[in-house]
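Under our numbering, read the sequence shown as residues 43 to 404, first letter to last.
Note that CB positions come from ideal geometry on N, CA and C, so glycine has one too.
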Amino acid sequence: MLRPEQNLHKCLISSPARLIAEHDESDLLITHAFPSMNDSILRVTQREENPFSRYYYVCVFRIDPPKLCEGVVVPDHSHVGNLISIALSIFYGKRFDNHGVIESHGRFSMPLLNEVAPAMQYYYFGSNNHQPRKNLGIELDLRNCKSIINFLTKKPNDQLKQTFFTAGKFYLSSLQSVDTDMERAFLDLVTCGEILSNYFQYSEDEIYDSRLKEMFERLAKIDANPKDIDLIRSRLYQVKARFNLTFKKLLNRNFFDRTESLDESTKLTSENIETCIKAVYDLRSRYVHTGIDFGHWLVPHRAFMNEIRLGIPVVDDKELRKILSRVPTYIGLERAVRFALLRLLHINSVYIHAELDNDEGE
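Right, dumping it as structure tokens:
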């Protein structure tokens, strides 16, 4: 019998980043899919970093087939490729694309290759290039991803896992869309941050600013109905405050010590991060309510790879100008979101890297 095993499944993923070696464990194999000897174009584009760089990897895993009977629908396991792509993209800080199942339930399938654009204008971004990311400096070696893969394959499906992969879906979507739709890529990162912020519980003292606290004190002094006060509190979701507090909690000193900016004066710092993160949410709110065009303001200058804005944007709206002057560029926000995702795992007993440890005194 030459037919493939019913419980053996394979999916094809790819990345503009070149990884070496393979992940070979009993429950998952991630290995290289090399170009044909006759595909001279792909072999040439894989030699060095360029807008056409694309490397393919096969993921092999076992899932027992269902008992076949009338009415049973054979499950589609292509979602496993999505989960692996999310895990690898966050761990290495690189874009990955799932091309679907190529072998499953004893049958072969065609990969989906036409969903990925042939060229990338931002191939030099940290999320696309062939270099390890500055934060954590994880080498692009498939033997290094054991911790994140074990979290995927062995960790119970609890709140931490659900939060991580739901948020991670938007992080990966951002990396995939940044070349063609900068605004969507930005909003995906914001959504990722919002999901992370819902993982934590914050006290009223943390999320209410001084003006709100004073208002509640005045209401209490005039003997306002406690039910009315509770109703006001329940409507004050303070999403922006939660968003800001989450990044404040998850970004440690090591995040600020290692930057991908080519100029120290254009990087995110512990002094400007709160202003930048608040501006991120302000820009998201302006976009949702007014539909402003802002994507081109988020592109870093290649000569500087600046994480913060260079100069003052020329726009008529003074409030929008203020927000755009403070909001980080795409690469600054992306770096912060990836670090926050990994640190969420690390502080919840999923060891990732020593640089994610708490700062001294925490």
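Buried or exposed (CB count within 10 angstroms, at least 16 for buried), residue i
i: N171; result: buried
i: S391; result: exposed
i: F76; result: exposed
i: P160; result: exposed
i: T308; result: buried
i: Q243; result: exposed
i: Y28; result: The structure shown has nothing for residue 28, since the chain only spans 43 to 404.
i: A345; result: exposed
i: G210; result: buried
i: E306; result: exposed
i: L278; result: Low confidence applies here, because L278 scores a pLDDT of 48, under 50, leaving its location unreliable and the question unanswered by this model.
i: S303; result: buried
i: L340; result: buried
i: F369; result: Note that residue 369 is Val in the sequence shown, not Phe. Counting Cβ neighbours within 10 Å, V369 comes out buried, since at least 16 surround it.
i: S131; result: buried
i: E397; result: buried
i: F150; result: exposed
Presumed contact (8 Å Cβ cut-off) between residue i and residue j, rounded CB distance
i: P342; j: I373; result: 5 Å
i: R284; j: S239; result: 4 Å
i: L54; j: R104; result: With 8 Å as the limit, L54 and R104 do not qualify as a contact, their Cβ atoms being about 17 Å apart.
i: Y98; j: L61; result: Going by Cβ atoms, the distance from Y98 to L61 rounds to 11 Å, so no, they are not a contact pair.
i: V281; j: E236; result: 7 Å
i: D230; j: M162; result: Their Cβ separation, rounded to whole angstroms, is 17 Å, which puts D230 and M162 out of contact at 8 Å.
i: I428; j: L362; result: With the chain running from 43 to 404 in the structure shown, residue 428 is simply not present.
i: G135; j: R380; result: 5 Å
i: L375; j: V330; result: Incorrect: roughly 17 Å between the Cβ atoms, too far for contact.
Secondary structure of residue i, DSSP reduced to three states
i: N92; result: coil
i: N348; result: coil
i: E145; result: strand
i: T311; result: coil
i: H51; result: strand
i: D81; result: coil
i: F297; result: helix
i: C111; result: coil
i: L194; result: helix
i: R277; result: With a pLDDT of only 48 at R277, under the threshold of 50, the placement of this residue in the model should not be trusted, and no figure is reported.
i: S216; result: helix
i: M224; result: helix
i: Q163; result: coil
i: K176; result: coil
i: G235; result: helix
i: D359; result: coil
i: P268; result: helix
i: R45; result: coil
i: Y329; result: helix
i: I319; result: helix
i: I354; result: coil
i: F405; result: With the chain covering 43 to 404 only, the question about residue 405 has no answer from this structure.
i: H395; result: coil
i: E407; result: Any property of residue 407 remains undetermined from this structure, which presents the chain solely from 43 to 404.
i: S367; result: helix
i: D106; result: coil
In DSSP terms, what residue i is bridged to
i: H338; result: In the DSSP output, where bridge partners are listed per residue, H338 has none listed.
i: S56; result: Y98, D139
i: I72; result: H65, C101
i: D324; result: Paired residues: none, contrary to the question.
i: D183; result: I62
i: F150; result: E145
Does the segment 185-193 touch the segment 375-394, meaning 3 or more C-beta pairs lie closer than 8 Å? The segment 375-394, when compared against the segment 185-193, does touch it at the 8 Å Cβ threshold.
Taking 8 Å as the cut-off, does the segment 200-207 touch the segment 348-359 (at least 3 CB pairs, one atom from each stretch)? With a cut-off of 8 Å, the segment 200-207 and the segment 348-359 do not count as touching, because too few Cβ pairs lie within range.
Does the segment 140-152 come within contact of the segment 109-125, defined as at least 3 CB pairs closer than 8 Å? Verdict: yes, contact present.
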